[in-house]
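In the numbering used here, the protein residues as written are 300 to 634.
Note that CB positions come from ideal geometry on N, CA and C, so glycine has one too.
Note that the coordinates shown come from a computational prediction; the quantities given were computed from them, not determined experimentally.
Below: one structure, written as structure tokens.
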Ligand SMILES: NC(=O)c1ccc[n+]([C@@H]2O[C@H](COP(=O)([O-])OP(=O)(O)OC[C@H]3O[C@@H](n4cnc5c(N)ncnc54)[C@H](O)[C@@H]3O)[C@@H](O)[C@H]2O)c1
């Protein structure tokens, strides 16, 4: 089977590609596991870290209709549509956000429809589709009320995917991702970038700024568990999804103070001294509009699971992503 990952050079896209290469199979249209013969990574940035004959790299703009039609063909059985500009960037650059997060989502679905073989399509959505007056715990039935352009773009993408599925053009599924933490690498323009930065930077002996209050609650998922969940959702039989194509992936609800406590447990008391608390009203407004906890009854019944604790998430970062001591500025305790 041929698989396309848009945003394949991105953080989750590359990890997903590695996972699929290692796994070697995905469910085909009949639900039976099929060998993956090709994984096409489409991204505006070239994915360079792969040395596997099954990987094809296509560099270009996801909003280029002709390129999409060349990339998603009759041979494509499975599409993971991950390409996006992140929340802070979509808020700052309205036109870019609309083009990449909304226009391109429809073009991806159109390319699938015109290819004609009803591929499975997984669309990565976000907690940002919720907002406004929210219950303490968001239910699957809670109304969408996004408070950012990014959230609006994701919500419309979800609806489009549901309609293309209802029409039988694709076998679509939406995974609403919690905020991913701890994300390795450099800070990005996501409003939630600090949710990784306040752990990652101190563990690497570097300064971090926390732009929100300690009591702010976040809904978090580790990169490891996120990738497992994306693959699991794509493998679900359409019948298991019932009348909704959308799955709120399980996360854990953690306050920023809880996160710092876990940092101290893993990295030692001094690790938290790298954090400066400097509130940023723009980030507080966006992050404060996201729900801090979701009901995960449906996702759990579908066999999906969350991380065990935030401390387990920090330890997973240390195992998977923390550079070796020679590349860190400060020694770590308790790792
Ligand atoms: N990481 C999170 O916390 C999180 C949370 C919720 C949802 N998501 C969603 O998951 C998906 C992947 O997120 P990520 O963290 O890997 O983000 P990322 O920014 O690392 O990856 C997105 C990729 O999309 C690519 N891209 C952007 N504009 C493009 C264009 N015009 N044409 C082609 N490619 C383009 C980027 O180059 C990048 O490689 C996104 O859809 C994101 O909205 C992520």
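Short Cβ contact (9 angstroms threshold) for residue i with residue j
i, j, result
"residue 503", "residue 621", "yes"
"residue 639", "residue 529", "No answer is possible for residue 639: the residues shown for the chain start at 300 and end at 634."
"residue 546", "residue 603", "yes"
"residue 305", "residue 382", "yes"
"residue 338", "residue 302", "yes"
"residue 320", "residue 335", "yes"
"residue 446", "residue 404", "no"
"residue 464", "residue 471", "yes"
"residue 512", "residue 496", "no"
"residue 582", "residue 468", "no"
"residue 421", "residue 532", "yes"
"residue 510", "residue 577", "yes"
Reduced DSSP secondary structure (H/G/I, E/B, other) of residue i
i, result
"residue 311", "helix"
"residue 566", "helix"
"residue 379", "strand"
"residue 386", "helix"
"residue 355", "strand"
"residue 464", "helix"
"residue 603", "coil"
"residue 545", "strand"
"residue 476", "strand"
"residue 557", "helix"
beta-carbon residue i near ligand 1 non-hydrogen atom, thresh 8 angstroms
i, result
"residue 609", "no"
"residue 360", "yes"
"residue 406", "no"
"residue 317", "no"
"residue 339", "no"
"residue 368", "no"
"residue 453", "yes"
"residue 382", "yes"
"residue 310", "yes"
"residue 479", "yes"
"residue 343", "yes"
"residue 305", "yes"
"residue 347", "no"
"residue 476", "yes"
"residue 424", "yes"
"residue 385", "yes"
"residue 615", "no"
"residue 532", "no"
"residue 491", "yes"
Extent of the continuous alpha helix (DSSP H) to which residue i belongs
i, result
"residue 366", "364-370"
"residue 582", "580-587"
Range covered by the beta strand (DSSP E) that runs through residue i
i, result
"residue 612", "Segment 609-619 is the alpha helix (DSSP H) holding residue 612; no beta strand (DSSP E) there."
"residue 302", "301-305"
"residue 361", "Unbroken run through residue 361: none, as it is neither H nor E."
"residue 593", "Taken as a continuous stretch (DSSP letters only), residue 593 belongs to no beta strand (DSSP E), as it is neither H nor E."
Please give the ranges of any alpha helix (DSSP H) in the stretch 394-456, keeping only runs that are unbroken, at least 4 residues long and fully inside the region. As far as the stretch 394-456 is concerned, its whole alpha helix (DSSP H) runs of at least 4 residues are 403-414.
Within the stretch 492-542, note down every full beta strand (DSSP E) run reaching 3 residues or more, in order along the chain. Fully enclosed beta strand (DSSP E) runs of no fewer than 3 residues occupy 507-509, 516-520 of the stretch 492-542, in order along the chain.
Which runs of the alpha helix (DSSP H), 4 residues or longer, sit entirely within the stretch 309-348? Complete alpha helix (DSSP H) runs here, min 4: 310-322.
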